[in-house]
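Sequence order for the protein chains is A and B.
What the first sequence shows, in our numbering, is residues 25 to 516, in sequence order.
What the second sequence shows, in our numbering, is residues 14 to 135, in sequence order.
Quick reminder that beta carbons are idealized off the backbone N, C-alpha and C, glycines included.
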Amino acid sequence: MGERGTSAADSPESQRYQQLYDMLLEAIPSSVLLIDRDLRIVSANRNFLEKNRRTLPDTIGHRLDEVFPAIIIDQMDFPGRIRQVFEKNFRVKGERMTYRAPGIPLRIYYYSILPFSWQGVVELAMLLMDDVTEQVRLSEEVRRVERHLASVVESAQDIVLSTDMEGQVLTWNTAAEKLSGFTLYAVRGHNFSDFCAGDDQGEMERIFANFQAGREAQMAEVDLKTRDGGRIPVSWIFSPMKDHLGQTAGIVAVGRDLTERRKFEAQLLQTQKLAALGVMAGGIAHEIRNPLAVCSSAAQFIMAGDLDPQFQKECAEKIHAGILRASMIIENLLRFARPSVKPDIKELNLTTLLEETLSLVTNQARIDKIVLQAQWPREPIMISGMEGLLQQAFMNLLLNAIKAMPDGGGLGVALGQADGEAWVRISDTGQGIAPRDLDNIFDPFYTTAPVGQGTGLGLSICYSIIKQHFGTITVESGAGQGSTFTVRLPLL
Amino acid sequence: MTQRNNVILIVDDEPDMCWALEYILNKRGYVTCKALSAQEALELMAQQQFACAFLDAKLPDMDGLELGRLIRERAPDMRILMVSGYFYRDDVSIQEAIARGVIIDLISKPFLQAEILRVLET
């Protein structure tokens, strides 16, 4: 394309080359300009014209500074470089040029200037420009994404680490360093299990063995050792890290520090317990003041003196019985109110536990004109669990049942064992639960009680306590038909 | 004054409470009659007249205040006293019951013998 100012006396053979040259020039995805000694453009291919929104007539024969923006010519020192090409047969290779021109989107080029020599004389300079805008943009994007990902991992509050298939630590983020006190330098190349608390190391090794056997993501609660000799509870999600062929190349672990959550859970349990105590308080006051009144009266009778010895003995017996009754109520109450910071798992008789729990709400039930019907099995039902927590769970269920019967009714408690499980059934003849609420009753803060009369935590706490004991809790109910909660726990 | 008018009704589901009140009142010369539930109390009321009643606040089959209202309908002149460990004097429901003349007064458990007699005899 364009005129190259060569002789017109063309042989068919040279016409053939001319056609081939033109074709190549049009086809290559680069801009190609031929420039003469006077910095005039002799030839320009279509790629150049299109990119620069020019036509042949306003390009060919024009000086370089009429075609390129002055600022680019100055910055790139085109005249100087082209002169060198002509004078020294020198080639300029692979320089980068940012091309800003009015009305044209910013482009980035790699350009070369090559001398075209004929019989030892440089006749023309060829300016080759490759548009690398997209490549530059992509590689910058890749770098930006890489930086972004790295800062996501580094800024995360959660532990993010990776290991190879054998469990040797490859990466370990800032959160991991902060929480454990071990730097990446200290852990890299070491077995991750070595940084898990002693009694959890077996669990960790089992997880890695599962990955080697082809398991997908796994979840676990494994304590992490800290540099100062302590341990922190961490909830982990381990996922296989796949390479581009889909093969598992390593393991990524994301871990969340559970310290705060554990504290919060303990507080929540205690708060809910205090709320339950508030509900019980009225009944308890009544229940304690009755024996106190009997004691007080009997004491006054004795103080008045001049009593028949038989009656005096009767008074003393009433005082003694009254004191025992009042202190029993207080003892049960204290046992319930005591925070269970470090719950101990032990063998316990579910029947005894339920009898004790029921005795705490007997007063409240009586006040609300509720008839208790308890069926106690003769044989002990032994389970393994945390006494305080289980008592809290059953207390919640009993208080709920009482609350469901503001106008009195029947509260049934039954328990037994079958198929390796202990079961406890707590039923009421109260207002029941509407079908639309049934799905939500174990959700935290879900309550149908008016504001101030229910925290909406009772059943969700029951649920989590029973879950902790590897049990289940189910409910059958219909509006106006009463409700029956069934708790199943594994037998010892 | 006939003896009948001196009979006092004691309503409490706690037998030992009845025992204590009976002793205090009998010693003073009153004749007493006890009921362990509201139902029992109403049945006794249908059979005879009472000068006064001591009611527990929480009975197995009915609230003491509700029983007080029923008694008041049947015997407008009867003196009704509440003896309770459940309420305290400033309770709204107690203040209301006193203002409406359902009960004369509230005696908190535990109580002094003298208090029982003072409230009864003033």
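Excluding residues up to 5 positions away in sequence, L439, V511 lie with their Cβ nearer than 6 Å to the Cβ of V448(A) in the same chain.
In summary, D29(B) is buried, with 16 or more beta-carbon neighbours lying within 10 Å of its beta-carbon over all protein chains present. With respect to chain A, the C-beta atom of G81(B) has no partner C-beta closer than 8 Å. Chain A places no beta carbon closer than 8 Å to that of E35(B), leaving this residue out of the contacts. About 5 Å separates the beta carbons of N356(A) and L384(A), which is inside the 8 Å limit, making them a contact pair. Rounded to the nearest whole angstrom, the CA to CA distance from A300(A) to Y101(B) is 22 Å. The alpha carbon of L88(A) has as its nearest neighbour, out of N69(A), D62(A), N71(A), the alpha carbon of D62(A). For M95(B), the closest Cβ of chain A is not nearer than 8 Å. D247(A) is a Cβ neighbour of I256(A), given a cutoff of 8 Å. Here the stretch 340-359 of chain A makes no contact with the stretch 391-407 of chain A; the two share fewer than three CB pairs at distances below 8 Å. The beta carbon of Y43(B) sits no closer than 8 Å to any beta carbon of chain A. Closer than 8 Å to the CB of D103(B) there is not a single CB belonging to chain A.
A residue is called buried when at least 16 other Cβ atoms come within 10 angstroms of its Cβ; P123(B) meets this threshold and is buried. Per DSSP, S35(A) lies in no alpha helix (DSSP H) and is assigned neither H nor E.
The DSSP-derived three-state label of L374(A) is helix. Here K202(A) is exposed. Its C-beta has fewer than 16 other C-beta atoms within 10 Å.
Nearest C-alpha to E380(A) among T508(A), A417(A), D154(A): A417(A). Of all residues in the stretch 374-403 of chain A, only R390, I391, K393 come within less than 8 Å of chain B when Cβ atoms are compared, listed by chain position. In the DSSP secondary-structure assignment, V395(A) is bridged to G434(A). Interface annotation, H344(A): not in contact with chain B, CB-CB separation never under 8 Å.
Contact annotation: the stretch 273-287 of chain A touches the stretch 172-187 of chain A, with at least three C-beta pairs closer than 8 Å. Counting along the chain, L130(B) sits inside no beta strand (DSSP E); it lies in the alpha helix (DSSP H) bounded by residues 126-134. Distances from the CA of L58(A) to each of M121(A), Y45(A), A149(A) were compared; the closest alpha carbon is that of A149(A). S121, K122, P123, F124, L125, Q126: these are the residues of the stretch 100-126 of chain B whose beta carbon lies less than 8 Å from some beta carbon of chain A, given in chain order.
Cβ-Cβ separation between E178(A) and N197(A): approximately 6 Å, consistent with a contact (criterion under 8 Å). Straight across, the Cα-Cα distance linking M95(B) with G77(B) is about 8 Å.
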